[in-house]
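In this text, residue positions in the sequence shown follow the numbering used here: the first is 1408, and each later residue adds one. Note that CB positions come from ideal geometry on N, CA and C, so glycine has one too. Here's the structure, in structure tokens; my notes come after.
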Amino acid sequence: MHYDCKKNNHGLPHDPYKAIVAPRPIGWIGSKGIGGFQNLAPYSYFNAVADKPHFVMFSSVSIKDSVKNIEETGVFTFSLAVEKLFDGMNGSSAPAEYSVDEFNLTGLEYSQGKFVDAPYVKESPAALECKYWKTIDLPGSNRSEGTGTYVVFGEVIGVYIDDNYITDGLFDASKARPLVRLGYMNYGVVGKENTFTKNRPELDKNGNLKEVEEWDGIYR
Ligand SMILES: Cc1cc2nc3c(=O)[nH]c(=O)nc-3n(C[C@H](O)[C@H](O)[C@H](O)COP(=O)(O)O)c2cc1C
């Protein structure tokens, strides 16, 4: 099948777009307003977009509390949402009033960032501390009406890792078991059972691809 995105004429019960662009990492965004209200919310339109320098982005359908806070204070955090924290992650997406602190609401503990004045999830195996760069208002957005989609970029200026998740010098993602967002109301978990290692490809002297080996520990 093909469908036209403007017409949305897929004939299916739900638009499959987000189920195709999956899995998506969950940006669990911690922020604080100038009035001091803490905020925590998951955003699966999230990703790391560069590592020289380290940059992340998330996108918000309408100006939600996270966007408001970040534009006010210029900082935010990302906490790694993992399997054992699913209920807290999901709970923190509830449509709560601006003044509601989702750490309180969900019973999650927080730590204050070391590099930025914003909270992150204490129980999370890793967190990123970010300095706001800019927001891109996607076409059709209208700030005065608060409609549209807003993509927020931040530079990662500090990283927290719970040392228990470092194994042989590597961040042990399969021990952390990150949650990923699939389509519809579906989620996945990254673990040993569904990950593998491979080296980058190399060409032989005739310019043909050599057989790719399991990762030998040399980062190429
Ligand atoms: C797993 C998950 C992913 C989500 N991803 C997004 C997203 O990418 N963009 C968005 O606008 N809302 C997303 N939401 C909904 C927000 O988390 C929700 O609207 C939340 O209340 C926003 O909080 P805030 O107003 O405190 O920023 C997501 C919810 C869940 C559970």
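GLY1442 burial status per 10 Å Cβ neighbour count (16 or more: buried):
For this step, residue 1442 is matched to residue 35 along the sequence shown. Looking at its Cβ environment, which holds fewer than 16 other Cβ atoms inside 10 Å, GLY1442 is exposed.
I need the boundaries of the beta strand (DSSP E) containing ASP1611, first residue and last residue.
Position 204 of the sequence shown, counted from the first residue, corresponds to residue 1611. From DSSP, ASP1611 is part of no beta strand (DSSP E); its letter is neither H nor E.
Which stretch, first to last residue, makes up the alpha helix (DSSP H) that contains GLY1498?
Translated into the one-based positions of the sequence shown, residue 1498 becomes position 91. Start and end: 1493–1498.
Taking the straight line between their C-alpha atoms, what separation do you get for VAL1463 and TYR1505?
Locating residue 1463 in the sequence shown gives position 56, where the first residue counts as 1. Locating residue 1505 in the sequence shown gives position 98, where the first residue counts as 1. Using only the alpha carbons, I get a separation of about 24 Å.
Of the choices ARG1627, GLY1598, GLY1595 and LYS1425, whose alpha-carbon is the least far from that of GLU1609?
To locate residue 1609, count along the sequence shown from 1; it is residue 202. Residue ARG1627 is the option with its Cα nearest to GLU1609.
Helix, strand or coil for PHE1444 per DSSP?
Numbered from 1 along the sequence shown, position 37 holds the residue referred to as residue 1444. The answer is coil: DSSP assigns PHE1444 none of H, G, I, E or B.
Cutoff 6 Å; reference GLY1434; Cβ partners in own chain excluding five residues on either side
In the sequence shown, residue 1434 corresponds to position 27, counting from 1. So the list reads TYR1450, PHE1453, PHE1465 and PHE1485, once near-sequence residues are dropped.
Let's see if you can read the secondary structure: which residues bound the beta strand (DSSP E) around VAL1482?
Position 75 of the sequence shown, counting from 1, holds the residue named residue 1482. Looking at the DSSP string, the run of the beta strand (DSSP E) that includes VAL1482 is 1482–1487.
The alpha helix (DSSP H) spanning LEU1512 covers which residue range?
Walking along the sequence shown from the start, residue 1512 turns up at place 105. That run of the alpha helix (DSSP H) goes 1509–1513.
Cα separation between ILE1427 and GLY1590?
On the sequence shown, position 20 is the one that residue 1427 refers to. On the sequence shown, position 183 is the one that residue 1590 refers to. Rounded to whole angstroms, ILE1427 to GLY1590 spans 7 Å at the Cα level.
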